[in-house]
Structure formats: C-alpha cells, structure tokens
Amino acid sequence: MLTTTGSKTMGFSEVSTLLWREREALQLLLFKLVEEQLIVSAGHTRWLAQANDEIEAALDNLRGTEVLRAAEVDVIADELGLPAPPTLAELATLAPEPWGTLFGEHRQALLKLVAEVEGATGHNRALLAAGARAVRQTLLSVTESVQTYDSQGSAAATPNGPMLMDEQA
Numbered sequence: 077m078l079t080t081t082g083s084k085t086m087g088f089s090e091v092s093t094l095l096w097r098e099r100e101a102l103q104l105l106l107f108k109l110v111e112e113q114l115i116v117s118a119g120h121t122r123w124l125a126q127a128n129d130e131i132e133a134a135l136d137n138l139r140g141t142e143v144l145r146a147a148e149v150d151v152i153a154d155e156l157g158l159p160a161p162p163t164l165a166e167l168a169t170l171a172p173e174p175w176g177t178l179f180g181e182h183r184q185a186l187l188k189l190v191a192e193v194e195g196a197t198g199h200n201r202a203l204l205a206a207g208a209r210a211v212r213q214t215l216l217s218v219t220e221s222v223q224t225y226d227s228q229g230s231a232a233a234t235p236n237g238p239m240l241m242d243e244q245a
C-alpha cells in the first residue's frame with residue numbers, strides 16, 4: 077500500500093472525478109443507443125440521422141473524457157514511479173484507501189456499462205441490417221424477381237407482377 081502526499085491525493089481525486097464523468101458519458105451513450113433502437117423499432121426512420129448525430133456527439137464526449145483521464149493517470153504513474161501507466165485494475169490495487177476501493181468500484185461500474193453499450197450496439201446493428209434487407213427485398217420486388225420459398229421450403233424465384241400477401245404473416 078502506498079502513502080500519499082497532498083499532490084498525489086489531488087491526482088487520485090482528479091482521476092476519480094474523471095471516472096465519474098466517464099461513467100456519465102457512457103450512460104449518455106447507452107441512452108442514445110436505446111433511443112436509436114426505439115426509433116428503428118417504431119419505424120420512424122426519418123429521425124435516424126439525428127439519432128446517429130447524437131450518438132456521435134456522445135462518443136466524442138466519451139473520447140474527450142478518456143483522454144483527460146489517461147493524462148491524469150499518467151501523472152499519478154509518474155508520481156508513484158511506475159514505469160508505464162497502470163490499468164484501472166492495477167491502480168485500484170496500488171492506490172491507498174479510500175482510493176483503491178473507489179477505483180475498484182468505478183472499474184466494476186465501467187465494465188457493466190461497457191457491456192450494456194456493446195449489447196445495445198449489437199442489437200441496433202441487427203435491427204438496422206434487418207431493415208436494410210427489407211428495403212432491398214422491396215426494391216428488388218419492384219424491379220426484378222425475388223428469391224422466396226415455395227410450399228416445400230425450397231428457394232424459388234418469384235416473377236415480377238401482382239403478388240398475394242398473407243395478412244397474418
């Protein structure tokens with residue numbers, strides 16, 4: 077366990093503050109991803125460009141906070157005589173109390189948020205890909221024959237022209 081002087085304590089405090097900001101930035105990004113998910117699910121595609129712009133702004137905010145945090149961690153690493161900037165897990169282990177506990181809690185919260193962001197991103201990609209496939213199939217049905225399935229489940233080309241649609245499908 078390391079002891080701290082006033083400047084090291086200030087460094088730990090600044091890192092903790094920046095970790096809070098990073099958590100808030102991840103929360104905002106997650107919110108924007110869920111918002112995009114709802115827009116796509118509701119079929120309100122006219123708002124997709126604005127949703128994407130807001131996601132980009134949230135990502136820029138997150139990147140800026142990460143850069144500031146990395147700079148502060150570099151300062152602490154220099155003060156502690158560490159050869160390379162430590163990871164958050166290493167910092168939690170090396171930092172004196174209460175900082176070690178706080179950094180450990182930040183790390184757990186960040187890991188959870190990152191997993192949620194990755195899940196929402198994957199879900200959004202799947203929704204957008206499904207929407208793109210539907211649009212492509214619709215456009216093909218207007219201009220060309222479309223691959224569908226016959227009553228035996230085999231692929232069959234449907235010629236252009238009138239089509240009957242099952243309303244329950």
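Mapping of the sequence shown onto the numbering used here: position 34 corresponds to residue 110, and the numbering continues sequentially without gaps.
Yeah, the Cβ is synthetic: ideal placement off N, Cα and C, and Gly gets one too.
Just so it is clear, the structure is predicted and the values come from calculations on it, not from any experiment.
- DSSP places Ala165 within a helical segment (H, G or I) once states are collapsed to three.
- The residue from Lys188, Gly195, Val193, Ala171 with its alpha-carbon nearest to that of Met86 is Ala171.
- Taken atom to atom, the span from the alpha-carbon of Glu192 to that of Thr214 is near 33 Å.
- The Cβ neighbour count for Ala168, taken over all protein chains shown within 10 Å, is at least 16; the residue is labelled buried.
- For Ala153, the uninterrupted alpha helix (DSSP H) run begins and ends at 124-156, by DSSP.
- Between the alpha carbons of Leu158 and Phe88 lies a gap of roughly 15 Å.
- Contact annotation, Leu95 with His182: C-beta distance approximately 4 Å; criterion of less than 8 Å satisfied.
- Of the candidates Ala127, Gly198, Glu90, the residue whose Cα lies closest to the Cα of Thr141 is Glu90.
- Counting C-beta pairs closer than 8 Å gives fewer than three between the region 110-120 and the region 173-180, which falls short of the contact rule.
- Rounded to the nearest whole angstrom, the CA to CA distance from Leu204 to Val110 is 13 Å.
- The three-state reading of DSSP puts Glu173 in coil, since its state is none of H, G, I, E or B.
- Contact annotation: Leu104 and Ala133 have beta-carbon atoms that are not nearer than 7 Å.
- Between Val149 and Pro161, the gap from beta carbon to beta carbon is short of 7 Å.
- Pairing Thr197 with Leu138, the inter-Cα distance amounts to about 16 Å.
- Taking a C-beta distance under 7 Å as the contact criterion, Arg145 and Glu98 qualify as a contact pair.
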